[in-house]
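*Asks:*
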Amino acid sequence: MSDGAGPWRILLVDDSRDDAELTEIALRDAGLAFTCRRADTADTVRAALAGFAPQLVISDLNLPGFSGEEALALARAHDPALPFVYLTGSLFLGEPPPEPVEGLLLKDDLAPLPGLVRQLLEA
1 MSDGAGPWRI LLVDDSRDDA ELTEIALRDA GLAFTCRRAD TADTVRAALA
51 GFAPQLVISD LNLPGFSGEE ALALARAHDP ALPFVYLTGS LFLGEPPPEP
101 VEGLLLKDDL APLPGLVRQL LEA
């Protein structure tokens, strides 16, 4: 999927700048080399998919006026093989993601995220 060590292009779909920044910090603190764009509407996701050409999408599951499921549909329409990971602030234990994705993590525990990103992008 990637050329190895990065820098990778990651699209963060999140309405919260603070949450997106915390996600970036977690990845940088783990030593990952990447560039990042943030989107929070269908239009900005479409534009980022076309112009930024991300190698991974990390999306909030619940956004006001726009859902993670819609972001996933846009990403899959752009490139069915584009890795997609959901981050969410709340989740019922044992609840599967709405659609098959490469990951579903809680925003309160980003510790597994860098390893998952490496696994997906170094493949």
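Under the numbering used here, the first residue of the sequence shown is numbered 1, with each subsequent residue one higher. Beta carbons are placed, not taken as given, at the ideal position from N, Cα and C, and that holds for glycine.
Quick check: what's the CA-CA separation for D43 versus Q55?
*Replies:* Looking at the two C-alpha atoms, the distance is approximately 19 Å.
*Asks:* Taking Y86 as the reference, give the member of G31, E69, A77, A33 with the closest Cα.
*Replies:* Per the Cα distances, E69.
*Asks:* Assign D40 to buried or exposed, taking buried as 16 or more other Cβ atoms, counted over all protein chains shown, within 10 Å of its Cβ.
*Replies:* Classification of D40: buried, given that the 10 Å Cβ count is 16 or more.
*Asks:* If you run the structure through DSSP and keep just helix, strand and coil, what is A111?
*Replies:* Coil.
*Asks:* Short check: CB of L110 to CB of A26, under 8 Å?
*Replies:* Against a cut-off of 8 Å, the Cβ pair of A26 and L110 comes out as a contact.
*Asks:* Between the alpha carbons of F66 and L74, how many angstroms are there, rounded?
*Replies:* Their backbone Cα atoms lie some 12 Å apart in a straight line.
*Asks:* Ignore the nearest five residues each way along the sequence and tell me which others in C36's own chain have a CB closer than 7 Å to its CB.
*Replies:* Excluding positions up to five away in sequence, the list reads I10, L12, E24.
*Asks:* State the DSSP-derived secondary structure class of D29, mapped to helix, strand or coil.
*Replies:* DSSP places D29 in helix when its eight states are reduced to three.
*Asks:* Hey, D15 and D60: beta-carbon distance below 8 Å or not?
*Replies:* Going by C-beta atoms, D15 is nearer than 8 Å to D60.
*Asks:* Which residue's Cα is closest to the Cα of F34: L22, L49, W8?
*Replies:* Among L22, L49, W8, the Cα nearest to that of F34 is on W8.
*Asks:* What are the start and end residues of the alpha helix (DSSP H) that includes V45?
*Replies:* Looking at the DSSP string, the run of the alpha helix (DSSP H) that includes V45 is 42-51.
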